[in-house]
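For the protein sequence lines, the chains are G and P, in the order given. One point on numbering: in my numbering, the residue at position 82 of the first sequence is 208, and numbering is uninterrupted. One point on numbering: in my numbering, the residue at position 139 of the second sequence is 265, and numbering is uninterrupted. Heads up, the beta-carbon is just placed ideally off N, CA and C, and yes, glycines get one too.
There are 2 protein chains.
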Amino acid sequence: MARVGLTAERLTRAGAELADEVGFDQVTASELARRFDVKVASLYSHVKNTHDLRTRIALLALEELADLAADAVAGRAGKDALTAFASVYRDYGRAHPGRAAATRMRLDPETAAAGAGVRHARMTRAILRGYELTEPDQTHAVRLLGSVFHGFTSLETAGGFSHSTPDSEESWTRILDALDALLRNWPSPPTR
Amino acid sequence: MARVGLTAERLTRAGAELADEVGFDQVTASELARRFDVKVASLYSHVKNTHDLRTRIALLALEELADLAADAVAGRAGKDALTAFASVYRDYGRAHPGRAAATRMRLDPETAAAGAGVRHARMTRAILRGYELTEPDQTHAVRLLGSVFHGFTSLETAGGFSHSTPDSEESWTRILDALDALLRNWPSPPTR
DNA sequence: TAGGTTTCCCTAAAGAGTTTAGGCAAATTA
DNA sequence: TAATTTGCCTAAACTCTTTAGGGAAACCTA
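Written out as C-alpha cells, the structure reads:
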C-alpha cells in the first residue's frame with residue numbers, strides 16, 4: 127500500500143486548517159483521514175486520540191500566535207506596542223477562527239506550561255514595560271489585557287457585535303485607546 | 127409503558143445540571159436518556175436534536191444569569207452596581223461552569239435576539255448610567271465590559287490564573303477598580 | 001544488494017452517540 | 001366509553017472513536 131507520509135505534524139497542520147473551515151469542535155479523526163485519503167485507524171499511530179490531536183492543534187496555534195506577536199511588538203513601545211500586539215490577536219482570530227478557538231481550549235497544567243502560553247504572558251509583561259506599573263499591579267494588568275483580548279475576539283467571532291452600530295472595528299480602536307489611558311493612569315486600591 | 131413526563135423544559139434543566147457536572151460539550155442525549163431511565167429515541171419527541179438541546183441550555187443559562195444580574199443591580203448605582211453586576215457573572219461562572227460555557231455558545235442571530243442576551247446588554251447600559259458616557263462611547267464601554275467579564279471568567283475556569291500569585295480574586299477586585307476609574311474618566315479619541 | 005528490522009498503513013471489529021420510522025399503550029377529549 | 005392524541009417504545013442505519021493484529025514498503029547493515 128502506497129505510503130502517504132503521515133506525521134503528527136502534518137495531521138496537526140491539516141487539523142488546524144480543518145478547524146478554520148468547519149470549527150474547532152468539528153475537527154474529527156474521520157474527516158482528517160478522508161482528507162489524507164487514508165483509513166481512520168492509520169491516524170492512531172501518529173496521535174494518541176482525538177484529544178491529543180486537538181491539544182496539538184491548540185499548541186500549534188499558540189505558537190503561531192506567539193511568533194506573530196513577537197514580530198509585531200519588536201521595535202515598538204508604549205501604546206504603539208499595545209496596539210500592534212492587540213491587533214495580532216484580533217486579526218488572528220478573524221483569519222483563523224478555528225485555531226483561535228483552539229487557543230481557548232482547556233489544557234492540563236503541564237501541557238500548558240510546556241507550550242507557548244508562557245511566551246504570551248512574557249510578551250504581555252514586556253508591553254507593560256512602557257507603562258509604569260509595579261507588581262502586583264502589573265500582574266493584574268496582564269490579566270486584564272488577556273481577558274479583553276480573549277473576550278473581545280471570542281464575542282466578535284460569535285457574532286455578538288454584528289448587526290449593530292458602531293461597527294466592532296471602531297469599538298476595538300476606542301477600547302485600545304481606553305486601555306492605554308487606563309494603563310498610564312492605573313489607580314491605586316481605594317480605601318475600602 | 128409507564129410515562130416519565132419528559133418535557134423540553136425538564137430535559138433542558140437536567141442538561142444544564144449535566145453540563146455543570148461533566149462539561150457543556152459532554153452533554154449528550156444518551157446520558158440524558160440514562161438519567162431519566164428512558165430510551166434515547168424518546169428525547170427526540172421533545173427536542174429536535176442535540177444542537178437544539180444545547181441551544182435550550184444556553185438560553186436557560188442566559189435567562190438565569192439575567193435574573194440574577196437584575197436582582198443584584200436593583201437599587202445600586204455607580205461602582206456599587208458595577209461590582210455587583212460583575213460579581214454575578216464571575217460567581218455564576220464558578221458555581222455553574224457548564225452553564226457558563228453554554229452562554230458562550232455561538233447562537234444564530236434570531237435565536238440570540240429572542241433570548242435574554244438583549245436583557246444583558248440593556249442592564250450593562252443601565253449600569254453605565256452612573257457614569258457620564260454618551261453614544262457611541264457608551265456602546266464601546268458596553269463591549270469592553272462584556273469582553274472583560276466574558277474573558278476573565280473563561281480564562282479563570284480554564285485554569286489560566288491558577289498556580290500563580292496574586293490569586294485571581296485579588297485581580298478581579300483590582301480590575302473592577304480599574305474599570306471604574308476608566309469609566310469615570312473615559313478618554314476622547316486621540317488625534318491620530 | 002540480499003537479509004533482517006522497523007515503520008506505516010491496512011482490515012476487522014467492538015463500543016458509543018445521533019437520528020429517523022413506525023408501533024402500541026396511556027392519557028386526554030368528546 | 002369510544003376516538004384521538006400523546007409519549008415512550010423497538011428497530012435500524014449511520015457516524016465517529018479506538019484497539020488489535022497483519023502485510024508490505026522503507027530503512028539499515030553487512
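query, result
"My understanding is that P:G277 touches P:A207, with C-beta atoms under 8 Å, so please give their C-beta distance in whole angstroms.", "Incorrect: roughly 21 Å between the Cβ atoms, too far for contact."
"As an exercise, report each continuous alpha helix (DSSP H) stretch of at least 4 residues that is fully enclosed by the segment 218-283 of chain G, in chain order.", "223-229, 235-240, 243-254 and 263-283"
"P:L179 and P:G141: beta carbons closer than 8 Å?", "yes"
"In chain P, which residues lie less than 8 Å from G:I301 when you measure between Cβ atoms?", "H266, R269, L270 and S273"
"What separation, rounded to the nearest whole angstrom, lies between the Cα atoms of G:L144 and G:P315?", "46 Å"
"Between the alpha carbons of G:H246 and P:S288, how many angstroms are there, rounded?", "16 Å"
"Return the first residue and the last residue of the alpha helix (DSSP H) that G:W298 is part of.", "S294 to R310"
"Cβ of G:L188 within 8 Å of Cβ of G:G243?", "yes"
"Do P:A155 and P:V164 count as a contact pair if the criterion is CB distance below 8 Å?", "no"
"Less than 8 Å between CB atoms is the rule here; does P:S156 satisfy it with respect to chain G?", "no"
"By how many angstroms is the C-alpha of P:V274 removed from the C-alpha of G:T283?", "16 Å"
"Kindly indicate which residue of P:R232, P:D234 and P:Y218 has the alpha-carbon position closest to the one of P:T279.", "P:Y218"
"Give me the Cα-Cα distance between G:G241 and P:D193, rounded to the nearest whole angstrom.", "39 Å"
"How is G:K205 classed by DSSP in three states: helix, strand or coil?", "helix"
"May I have the straight-line CA-CA distance separating P:D303 from P:L259, to the nearest angstrom?", "18 Å"
"Just mark G:T133 as buried or exposed, buried being the case when its beta carbon has 16 or more other beta carbons within 10 Å.", "exposed"
"Check the Cβ of G:L281 against every Cβ in chain P and list those closer than 7 Å, keeping chain order.", "G272, S273 and H276"
"Who are the neighbours of G:H289 on chain P, taking C-beta pairs under 7 Å?", "P235"
"Name the chain G residues whose beta carbon is nearer than 7 Å to that of P:P223?", "Under the 7 Å cutoff, chain G gives no residues; its nearest Cβ is about 10 Å from P:P223."
"Would you please verify whether the beta carbon of G:R308 is less than 8 Å from any beta carbon of chain P?", "As written in the sequence, residue 308 of chain G is Leu, which differs from the Arg given in the question. Yes, contact with chain P."
"How many whole angstroms separate the CB atoms of G:T237 and G:I183, which I take to be in contact at a CB cut-off of 8 Å?", "With a Cβ gap of about 12 Å, G:T237 and G:I183 do not count as contacting."
"Kindly say whether G:A228, judged by its beta-carbon, lies nearer than 8 Å to any beta-carbon of chain P.", "no"
"Tell me whether P:T181 is buried or exposed, calling it buried when 16 or more other Cβ atoms sit within 10 Å of its Cβ.", "buried"
"Run through DSSP, which three-state label would G:S213 get?", "helix"
"Taking C-alpha atoms, which residue in G:I301, G:L309 and G:E147 lies nearest to G:H222?", "G:E147"
"If you measure between the beta carbons of P:A195 and P:M231, is that distance less than 8 Å?", "no"
"To the nearest angstrom, report how far apart G:A200 and G:T229 are at their CA atoms.", "23 Å"
"Who are the neighbours of G:A232 on chain P, taking C-beta pairs under 7 Å?", "One point to set straight first is that residue 232 of chain G is Arg, not Ala, in the sequence displayed. Correct list: A284 and G285."
"According to DSSP, simplified to helix, strand and coil, what is P:F150?", "helix"
"Is P:Y133 helix, strand or coil when you go by DSSP?", "For the sequence presented, residue 133 of chain P should be read as Thr rather than Tyr. In this structure, P:T133 counts as coil in the three-state DSSP scheme."
"Starting from the beta carbon of P:D151, find every residue of chain G whose beta carbon is closer than 7 Å, and list them in chain order.", "D151"
"With a 10 Å radius around its C-beta and 16 neighbouring C-beta atoms as the bar for buried, classify G:S171 as buried or exposed.", "exposed"
"Taking P:L254 as the reference, which of P:T299, P:A239 and P:W312 has the closest Cα?", "P:W312"
"Quick check: is the beta carbon of G:A159 nearer than 8 Å to any beta carbon in chain P?", "no"
"Taking 8 Å as the CB-CB limit, is P:A304 close to chain G?", "yes"
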